[in-house]
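So in my numbering, spot 70 of the sequence shown is number 482, and the numbers just go up one at a time.
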Amino acid sequence: PEIAKIFGGVVGSPEQMLTFLKKLCERTGKPIGFSLIAERRYINEFKKINTFPVFNNPEESVRAMHMLRDYWRGKDHLKRITAGARRKS
C-alpha cells in the first residue's frame, strides 16, 4: 500500500514495476538502485522475476553500485591507456 503512494496511487505487479525500472535504465543509460522495504514474501517475488539483482537491504545495494562504478571506471581507464599506447606506436 505504501509503495502505491510513491508510484502515484496505482501499482502494478512486480513484473510491471521492474519493466518500468528497466526501461528507465535503458532510457537514461544509468544504473538504478531500488530499495524495496517490505515483507520477505514481496521481496522474494522480485527475486523470482530476476530482471534485476535484488539485495536483502539497502547497504548491500549500495555496495553493489559502488563495485559497478569501480568496474566501469577501471574499464574506461584501461581503454584510455590502450588508445594512448596505440597512438604512440
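We put the CB at the ideal spot given by N, CA and C, even for glycine.
- For residue 424, the secondary structure class from DSSP, reduced to helix, strand or coil, is coil.
- Closest by C-alpha distance to residue 483, out of 426, 438 and 443, is 443.
- Within 10 angstroms of the beta-carbon of residue 474 lie fewer than 16 other beta-carbons, which makes it exposed.
- In the same chain as residue 426, and ignoring 5 residues on each side of it, the C-beta atoms closer than 8 Å to its own belong to 454, 457, 458 and 461, in chain order.
- Under a 10 Å Cβ-count criterion, residue 432 is classified as exposed, with fewer than 16 other Cβ atoms of the shown protein chains found around its own Cβ.
- CA-CA distance, residue 446 to residue 493, rounds to 34 Å.
- C-alpha of residue 485 to C-alpha of residue 498: approximately 20 Å in a straight line.
- The C-alpha of residue 479 is placed about 31 Å away from the C-alpha of residue 424.
- Within the model, the alpha-carbon separation for residue 476 versus residue 463 is close to 16 Å.
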